[in-house]
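Taking my numbering, the leading residue of the sequence shown gets 2, the next gets one more, and so forth.
Report on one structure; see the data block that follows.
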Amino acid sequence: MRAFSKTTRRNVFAVVVGPMALVPAVILATLVNALFQGAGSDWQGAFVSALLISVVGLLIAYPLVIVLGVPAALVLLRYQKLGFFPLAIIGLLGALLVTLWLAPSLQGFLIFGYCSTAVVLGCWYVYTYAKL
Numbered sequence: 002m003r004a005f006s007k008t009t010r011r012n013v014f015a016v017v018v019g020p021m022a023l024v025p026a027v028i029l030a031t032l033v034n035a036l037f038q039g040a041g042s043d044w045q046g047a048f049v050s051a052l053l054i055s056v057v058g059l060l061i062a063y064p065l066v067i068v069l070g071v072p073a074a075l076v077l078l079r080y081q082k083l084g085f086f087p088l089a090i091i092g093l094l095g096a097l098l099v100t101l102w103l104a105p106s107l108q109g110f111l112i113f114g115y116c117s118t119a120v121v122l123g124c125w126y127v128y129t130y131a132k133l
């Protein structure tokens, strides 16, 4: 007999594993940026800075997932509206809050929105396809 329901196990697993989708998303964005900088770009430095940015991003992502994402997912689940797009809209709302707090600009919102969408996609993928 399991102590927690399948939904609870999937929610906890999505909260723990899902935000780690931020790491490959940030690495991809940083390496694409280095690619467009030309032949003189430092690929190794770009990779190391991407890892450092990922760590800082995870420090922002986990509290936001717990404070904003979990309650929103539970409300959407209760009303049977849980899906990627409603969660993405709520994630972009979180990105807007972080943008206004840290870097109030359109470029800041685009960066935080990209990271937020990566986290939402990771959480949604883990929640949907986890066999627990």
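No residue lacks a Cβ here, since even glycine has one placed at the ideal position from N, Cα and C.
By the neighbour-count criterion, in which a residue is buried when 16 or more other Cβ atoms sit within 10 angstroms of its Cβ, S6 is exposed. Secondary structure of Q108 (DSSP, three-state): helix. Pairing L88 with L133, the inter-Cα distance amounts to about 22 angstroms. Within its own chain, the residues whose Cβ lies closer than 7 angstroms to the Cβ of S117, once the five positions on either side in sequence are excluded, are G92, L93, G95, A96, listed in chain order. Shortest Cα-Cα distance from V121 to any of T8, F37, G19 involves G19. Around L23, the same chain offers S55, G58, L59, A62, C116, A119, V120, G123 as residues with beta carbons nearer than 8 angstroms, after the five sequence neighbours per side are excluded. With 16 or more neighbouring CB atoms inside 10 Å of its own CB, V127 falls in the buried class.
Per DSSP, F85 is one residue of the alpha helix (DSSP H) stretching across 85-103.
With contact defined as three or more Cβ pairs closer than 8 angstroms, the stretch 69-84 and the stretch 31-43 are not in contact.
S50: member of the alpha helix (DSSP H) spanning 44-65, first to last residue. Just measuring C-alpha positions, the residue of Y130, A15, P105, I112 sitting nearest L29 is I112. Annotation for W125: F85, L88 place their beta carbon closer than 7 angstroms to its own, counting only its chain and skipping 5 residues before and after. A distance below 6 angstroms between beta-carbons, with the five flanking residues on each side excluded, links A15 to the following residues of its chain, in chain order: C124, V127, Y128.
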